[in-house]
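Some notes on the structure that comes next.
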Amino acid sequence: WATTEEFENDHINIITTWPGKGPEEGKAPTELYYEDETMMWGYDIPDDADPIRWFKLLLLKDEDLGPELCASEFILRGKRMLRDSGKTAIALVADFLRALFNHTMYIITKARGKEVVDAMRLHIVITVPAIWKGYARQAMETAAEQAGIIYSRAAGETKLTLAPEPEAAALSTLSEPGRKVGKNDVYIICDAGGGTVDLISYQIDQTKPISMQEAVEGTGSLCGGIFIDEAFERACKARLGSRWNHLSDTGKKRIMKNEWEALIKPTFVPNLTHREYIVEIPAEAFSESNLNDFCKEPIIKNGRIHFKETHIQRAFIDSFEGIDELVAKQIRMATRSGLTITGIILVGGLGASPYLYDHLKEQHGMKVLQSGGIQPTKVPTIQVTSTVSRSSYGVTYRAEFDREKHLQEDKEYDVYLGVWRAKNQMHWYLRKGEIVSQKEPVRFTYYEIYKEDVGGHFSVGICECDAAEVPDRRTFQVNDFCYIDCKLDAPFSSLPDIMTIDGTMAKKMTYVVEMIPSGASVEFTVYIDGRKQGSHNACVRFE
């Protein structure tokens, strides 16, 4: 966090104290636990509890999660909790955001005093995976509202910004002391987190200060650390057999958190040695059997599984294959655009893995930069000047009918202006892969003609197409993306008059839709008769 003055002087305050945590730590676990009417989060969750993890992924639709993750024990556990409690995924995220926000405000108030904090206007930034579509981003915004983050303060309106995670990670990593970048360098930002892995390639426009533009379309997939954890858990379960069922939830958690996540996973680097990775199994698993089992590898000796390097290595295979595929795709797209990748910047929770660092260097034969693990205390002086559209976006409209160009089935008569038109035609604002400047967003002007008052409301439907070649008319390839529900900020009577073909008067409303890509989604602004509409007058509703 930072005050305006601190921000302008490139200083950031890092929160390192958390409820339930002794030693200082720069982040808290994204975990929730409910007991009766009490909600616990982060380090405050008891060791013997079975918390909900990866609940942010519950904001996604099943078709966007994919079959493998839908069948994941972490996701199934979260969905069971939703059913049992009657809560929604948005409510879960809101509970965590509320706890995190309240703790943050407590820390800031302790440092600056209540009177000073009450006089501050807040700008809150939440990072989201770049592969998240518009509906998921909107769900996160709704969760922030339910958490009470965007509440009315005497000091003024609270501003909320959703930032794509790879972009935020790139800004932080490239700003670390000692980093040197050259003009026209192209870096793949690989943000490998717990659930998602997002990749975006940036080209450096200038070095002092650093500004960069998206070089090619960003990609992402669900192949993060959760899959490595599940693979290791399956390995333990397979080796223990029926003894695994004797373990309590606390015992299983002790293996996964204390043995795997805290010790083996973050430090593992295969080096073709005979080193063993010993995992202590709680005694309850052996209540009816011997503490030793040498019949197959990995052996069990004195209640401990002795994993060999190759056993541990297998847990990483599927996740790393998914990451390799994403990196290779970025390299191919960059090559097609005439660009050469300078290196890979590795960030995120899984991005701190030394094994992933070595693997990417060896697999792709290029420089890999990894965050130094130093908590940033300065504001990144880097600007992203342009982004690349992940899909094509546009609207359906009625064009003037042209028998050489349009289908007869689309022909219909415009009773207001007395001309034949072709319905279901597509006007594409943005095409997939198109570069859009942050300073010059895409804008298009439209108009509607009304013979009677519409009650001060109207909607604009935005369509999406993921095909490489977009159709000129609406087909099965074109899907509804969102609706922008607008409210007139002036009386209907104030709209300009227009004479229709039958000699009667009508009203003409002119509006402009402005678009800027943000990750896998798009941000919109609406202008009516030249006036920018705020969120209270223009609400985006994703399908």
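Counting from 1428, one number per residue, gives the positions in the sequence shown under this note's numbering. C-beta: ideal position from N, C-alpha, C; glycine also.
- Here M1853 is bridged, per DSSP, to T1823.
- DSSP links E1462 through a beta bridge to T1465.
- When C-alpha distances from A1710 are compared across Y1782, L1699, I1727 and V1696, the shortest belongs to I1727.
- Straight across, the Cα-Cα distance linking I1732 with A1965 is about 59 Å.
- Runs of the beta strand (DSSP E) spanning 3 or more residues and lying entirely within the region 1523-1607 occur at 1550-1555 and 1586-1591, in chain order.
- Across the structure, F1695 and Y1562 are spaced so that their CA atoms are roughly 37 Å apart.
- In the DSSP annotation of this structure, the continuous segment of the beta strand (DSSP E) that includes C1909 starts and ends at V1905 to K1914.
- For C1663, the three-state secondary structure derived from DSSP is helix.
- Put simply, the backbone Cα of F1713 is about 14 Å away from that of V1706.
- Within the same chain, and ignoring the five residues on either side of D1612 in sequence, the residues whose Cβ sits closer than 6 Å to its Cβ are I1631 and T1769.
- Residue burial annotation: C1617 is buried, with at least 16 other C-beta atoms found within 10 angstroms of its C-beta.
- In this structure, the alpha-carbon of F1828 lies about 58 Å from that of E1657.
- Nearest in C-alpha terms to L1667, of all of S1920, E1458, L1718 and D1437, is L1718.
- Look at D1618 here: in three-state DSSP terms it is strand.
- DSSP links S1886 through a beta bridge to D1912.
- Proximity of the region 1903-1915 to the region 1871-1888 meets the contact definition, three or more beta-carbon pairs being nearer than 8 Å.
- Contact between A1516 and L1485 holds: their C-beta atoms lie close to 4 Å from each other, under 8 Å.
- Note on geometry: alpha-carbon atoms of V1949 and E1644 lie some 14 Å from one another.
- Just so you know, the alpha carbons of L1787 and A1642 end up roughly 20 Å apart.
- Spanning the alpha carbons of G1845 and Y1877 requires a straight line of approximately 15 Å.
- Within its own chain, the residues whose Cβ lies closer than 7 Å to the Cβ of I1577, once the five positions on either side in sequence are excluded, are A1571, T1585 and L1587, listed in chain order.
- Note: I1708 is not bridge-paired with any residue in the DSSP secondary-structure output.
- Of the other Cβ atoms in all chains shown, 16 or more fall within 10 Å of the Cβ of F1908; this residue is therefore buried.
- Taking the CA atoms as reference points, M1793 sits about 11 Å from D1785.
- H1530 and L1674 have their C-alpha atoms spaced approximately 35 Å apart.
- The DSSP-derived three-state label of E1752 is helix.
- Distances from the CA of G1652 to each of F1747, V1869, T1443 and E1490 were compared; the closest alpha carbon is that of F1747.
- In the structure shown, the three-state DSSP call for Q1835 is helix.
- When beta bridges are read from the DSSP output, Q1797 appears opposite L1773.
- Rounded to the nearest whole angstrom, the C-alpha separation of I1472 and G1449 is 14 Å.
- As the crow flies, the alpha-carbon of D1474 is around 45 Å from that of V1815.
- Uninterrupted beta strand (DSSP E) stretches at least 3 residues long and entirely within the region 1927-1963 occur at 1932-1945 and 1948-1955, given in chain order.
- With 16 or more neighbouring CB atoms inside 10 Å of its own CB, Q1757 falls in the buried class.
- Looking at the DSSP output, W1847 shares a beta bridge with Y1840.
- Taking C-beta atoms as the reference points, Q1797 and G1776 fail to come closer than 9 Å.
- A Cβ-Cβ separation of about 13 Å leaves R1510 out of contact with I1479 under the 8 Å criterion.
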